[in-house]
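Numbering (UniProt numbering), first residue to last: 1 to 264.
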């Protein structure tokens, strides 16, 4: 059902049962899947690809040009997966040809009010980004991450799966999987045991993850030595290998453990 006060470009590809509320604008080269609701005063610009059963709340702007001086108007895209919710006044910029040429939001995500997702960000599935979070360009957020409100994430940062980042954080380095990160400077604050249990991880898996991070952050070893020790002494598992690979492939460096020196 398309309201007469909404503008939809005739070349836009909109599924028949999409609802577009008054005063929304949908540009050409846009695709919207079945069951999606586009609230009032939403702007969906060229290059948007929006999945099924999404909800876009008033004031959000999807697929605006990147805020990057190197961008010269080349075609690029924003992808939003199925069943994702984009709340009021969220801005999601499309990608740039110098990087991925796309910005991706996965399935079953909740992007709360006033969030900014800059160009070439990749957000996984089942991610929650709380109010007023600011994601700079080229960021990767893996599956089942929660980012607390008013957090600012620096460009090129990677946040591992099943991680919880405390509200009001400044994220300058990569955040490894399965943990909680908080304090200033942002530091390891334990593993995300509650979230892991909710997602079906067993006590044995959670204990293994905890032991791995004890070695990494609390043993006094540097990261390279700690990873060697983990590989040598711990039985291979998906979780062990995911953590080791995250540290060894990090380009920005990984957050560190909290110390009393930081508090002082």
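Glycine residues also receive a C-beta, built at the ideal position from the N, C-alpha and C atoms. The structure displayed is predicted, hence computed values, not measured ones.
In this structure, residue 127 lies near residue 110, with their beta-carbon atoms less than 9 Å apart. Exclusion of the five residues before and after residue 35 leaves 17, 52, 53 as the residues of its chain whose Cβ lies within less than 7 Å of its Cβ. DSSP, reduced to helix, strand and coil, places residue 166 outside both helices and strands of the structure shown, so it counts as coil. Uninterrupted alpha helix (DSSP H) stretches at least 4 residues long and entirely within the region 203-259 occur at 203-218, 223-233, 238-249, given in chain order. For residue 194, the enclosing alpha helix (DSSP H) begins and ends at 193-198. Between the region 80-89 and the region 152-163 there are fewer than three inter-stretch CB-CB distances shorter than 8 Å, so the stretches are not counted as touching.
Residue 145 places its beta carbon less than 9 Å from that of residue 164. Nearest to residue 50 by C-alpha distance, out of 30, 40, 138, is 30. Counting only residues of its own chain and dropping the five nearest sequence neighbours on each side, residue 253 has a CB closer than 8 Å to the CB of 173, 174. Straight across, the Cα-Cα distance linking residue 233 with residue 32 is about 50 Å. When secondary structure is reduced to three states using DSSP, residue 187 falls in the strand class. Under DSSP, residue 46 takes part in no beta bridge, so it has no partner.
Per DSSP, residue 63 is one residue of the beta strand (DSSP E) stretching across 61-64. With a minimum length of 3 residues, the unbroken runs of beta strand (DSSP E) contained wholly in the region 61-127 fall at 61-64, 77-80, 91-93, 102-105.
Distances from the CA of residue 246 to each of 92, 227, 168, 257 were compared; the closest alpha carbon is that of 227.
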